[in-house]
Amino acid sequence: MVRFGVVGTNWITEAFIKGASLNKDFKLTAVYSRSYEKGKEFADKYSVDNIFTDINKMAASNVIDAVYIASPNSFHAPQAIIFLNNKKHVISEKAFASNEKEALAMINAANENNVLLMEAMKITLLPGFEAIKANLSKIGTVRRFTFSYCQYSSRYDKYKQGEILNAFDPKFSNGSLMDIGVYCIHPMIHLFGTPKNIKASGLIFHNGIDGEGSLIAEYDGMDGILTYSKISNSYIPSEIQGEKGSILINTITTQKSIKIIYNNGETEDISVPQIEDDMYYEANEFIRLINENKLESSINSHNRSLGAIRVTENVRKQIGLVFPADNL
1 MVRFGVVGTN WITEAFIKGA SLNKDFKLTA VYSRSYEKGK EFADKYSVDN IFTDINKMAA
61 SNVIDAVYIA SPNSFHAPQA IIFLNNKKHV ISEKAFASNE KEALAMINAA NENNVLLMEA
121 MKITLLPGFE AIKANLSKIG TVRRFTFSYC QYSSRYDKYK QGEILNAFDP KFSNGSLMDI
181 GVYCIHPMIH LFGTPKNIKA SGLIFHNGID GEGSLIAEYD GMDGILTYSK ISNSYIPSEI
241 QGEKGSILIN TITTQKSIKI IYNNGETEDI SVPQIEDDMY YEANEFIRLI NENKLESSIN
301 SHNRSLGAIR VTENVRKQIG LVFPADNL
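Numbered by UniProt numbering, the letters in the sequence shown go through residues 1 to 328 in order.
Laid out in structure tokens, this is it:
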């Protein structure tokens, strides 16, 4: 049994608990919130007695073995390091950290304390993603990929009315690239490695946050186009184009429908069944690694998380997206 604490009481924490609860070795034993009232309200839903408003006390306590961090991006690194230094295993929501410096500090803390650290990037752990990797050779030499994830944020309406919520506030290292674009960047890193060159563009609002963007990734003999947005929706599939055919992915974040269209017109459905509560897969990987005394995932590895962070830093430099965390 792995005793978990959670940092954050929003919808994504509830989704993680729902998925993780499908693993018999998951047990929720503690909740952190800056507000005791909010923490208690959340904890009562799951019959949890341990409520913390001091993150250092939670990290030092003996009621948890591991923690799921789902606070705003700018808090990921400092909070993770506190838990890691208290020898607690950490699964941290994407984006892993604000920048490479923070990510390296997290990894160093995990290594020094011999505990597990993993980014909670679910899409690279889905059965659908395994199917993509297993069938990639069928389309021959890959020449281009287009990954798209554009999702209109309900918080954008508030932003347009003059109310800046966390999702559009640079002090939390949020915005389109860090909240949405990473869902395109991680599959790119996993499937094709780090690009040798990137050309990026993006829309920066008056308060310094980005609303949408795109990038062209250059590889030897291949290029990739990534588009992402928090201020518009997109309904086109993602695609990997090879010399023998193309793989079409209905939605890069869920991968429920995946097919190959070959050059001769034939199609092959390579979709695989997935559990509806799909955050199960990241929780299951994390719990499995703890039970096997592993300190790193071979799938959501430290190097892949670093690769994704380096891409986001490259993009941010090109489009002028700066976070307060960069100057700490």
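Ideal Cβ placement from N, Cα and C applies to all residues, glycine included.
Alpha carbon of residue i to alpha carbon of residue j, nearest angstrom
i, j, result
"F168", "G265", "44 Å"
"V7", "I261", "43 Å"
"N113", "E102", "17 Å"
"E108", "Y183", "As written in the sequence, residue 108 is Asn, which differs from the Glu given in the question. Distance between the alpha carbons of N108 and Y183: 25 Å."
"E292", "S92", "19 Å"
"R143", "K40", "53 Å"
"D157", "N111", "43 Å"
"K138", "K244", "7 Å"
"S47", "A30", "10 Å"
"F26", "A77", "24 Å"
"G193", "Y36", "44 Å"
"Y152", "G211", "10 Å"
"F286", "N56", "23 Å"
"E130", "Y159", "38 Å"
"G224", "V311", "13 Å"
"G242", "M222", "10 Å"
"D277", "L84", "28 Å"
"N207", "S148", "25 Å"
"S173", "R3", "29 Å"
"M178", "F96", "9 Å"
"A43", "Y280", "20 Å"
"L321", "C150", "19 Å"
In DSSP terms, what residue i is bridged to
i, result
"V142", "G242"
"I247", "I240, I260"
"Y219", "M222"
"M1", "DSSP, once it has assigned bridges, lists no residue as partnering M1."
"D210", "I204"
Nearest candidate by alpha-carbon position, reference residue i, set the options
i, options, result
"I64", "S176, I81, R155, N50", "N50"
"E14", "M58, I270, S71, N62", "S71"
"P273", "P195, T254, T267", "T254"
"E100", "G140, L321, S305", "S305"
"S98", "Q318, H190, I309", "I309"
"Y219", "I198, G211, N233, L203", "I198"
"I270", "Y159, D277, I189, S246", "S246"
"N284", "T9, G19, R3", "G19"
"H89", "A80, Y228, A95", "A80"
"I69", "Q161, N86, E119", "E119"
Assumed close pair residue i, residue j - CB separation to whole angstroms, cut-off 8 Å
i, j, result
"I299", "L125", "6 Å"
"S74", "K171", "7 Å"
"K256", "G128", "7 Å"
"G202", "I319", "4 Å"
"L215", "V315", "6 Å"
"I123", "I252", "7 Å"
"I275", "L22", "7 Å"
"I180", "Y228", "4 Å"
Proximity test, residue i beta-carbon vs the ligand FMN heavy atom, cut-off 7 Å
i, result
"D326", "The ligand FMN is not part of this structure, which contains no ligands at all."
Chain C within 8 Å of residue i, Cβ atoms only
i, result
"S201", "The structure shown contains no chain C, having only a single protein chain."
For the stretch 258-292, which segments carrying the beta strand (DSSP E) assignment without a break, of at least 3 residues, lie completely within its bounds, in sequence order?
If only complete runs of 3 or more residues are kept, the stretch 258-292 shows the beta strand (DSSP E) at 258-262, 267-269, in order along the chain.
May I have a chain-ordered list of the beta strand (DSSP E) segments no shorter than 3 residues that lie completely inside the stretch 31-81?
Residue ranges of uninterrupted beta strand (DSSP E) with 3 or more members, entirely inside the stretch 31-81 and ordered along the chain, are 50-52, 66-69.
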